[in-house]
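One structure below.
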Amino acid sequence: GYTVLETFDNRHIVVPNSVMATQITVNLTRVDPRAMAIVPINISYASDVEKARQILVNLAEAHPLVKEVVNCPLIALGDSAVTLSLRAWCANAGDASQVEFALYEQIIDRYRQAGIELPYPYSNVVLHQAAASQAAPENGA
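Structure (structure tokens):
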């Protein structure tokens with residue numbers, strides 16, 4: 595069998611049911627136009643997580659295109675950073691994108707003012723000196 599999808603411009607797309615049953619389908623014609631702005635941000639392990647979270651929430655609540663701040667969970671513990679992810683409802687996808695862009699700009703300034711570090715990956719290299727018995731072999735060895 596097959597499924598017929600009607601597009602917004604009145605075209606019909608025929609999709610085999612085997613495809614519908616085995617692959618992910620995204621409904622782009624949903625009735626609810628809201629979109630969620632999602633702003634993941636890394637902070638250093640030394641930074642105050644609650645302070646960083648509160649700054650994110652305050653910035654989102656102050657943005658005129660944000661309808662509702664949903665939450666700001668800690669979503670990952672990385673090699674050099676803790677990741678928070680602000681989630682906020684906006685009226686539509688265009689507003690959500692604008693909110694994301696604006697918040698990233700504001701976060702940099704507010705975090706600097708608050709002493710919250712936006713880390714970058716780094717590595718510590720430790721050199722061990724070989725013991726005398728492991729040093730280069732003597733001549734003739």
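Here the working numbering is used: the first residue of the sequence shown is 595, the next is one more, and so on. Ideal Cβ placement from N, Cα and C applies to all residues, glycine included. Keep in mind the model is a prediction, meaning the values are calculated, not measured.
Nearest residue (CA-CA) to N686, options T601, D626, A615, N611: Considering only alpha carbons, the answer is D626.
Contacting residues, own chain, Cβ-Cβ under 6 Å from V598 (five flanking each side not counted): Here V598 has H606, V608 as same chain residues with Cβ atoms under 6 Å from its own Cβ, once five neighbours each way along the sequence are excluded.
Cut-off 6 Å between Cβ atoms - residues of its own chain near Y698, not counting five sequence neighbours on either side: Nothing meets the Cβ criterion.
Range of the contiguous beta strand (DSSP E) that encloses I669: For I669, the enclosing beta strand (DSSP E) stretches over residues 668-671.
Every unbroken beta strand (DSSP E) inside the region 605-652 [3 residues or more]: Segments of the beta strand (DSSP E) lying fully in the region 605-652: 606-610, 629-637.
CA nearest to the CA of I669, picked from I710, P713, I635: For the residues I710, P713, I635, the minimum Cα distance to I669 belongs to I635.
Nearest-angstrom Cα separation, counted from H722 out to R628: Between R628 and H722, the C-alpha separation is close to 57 Å.
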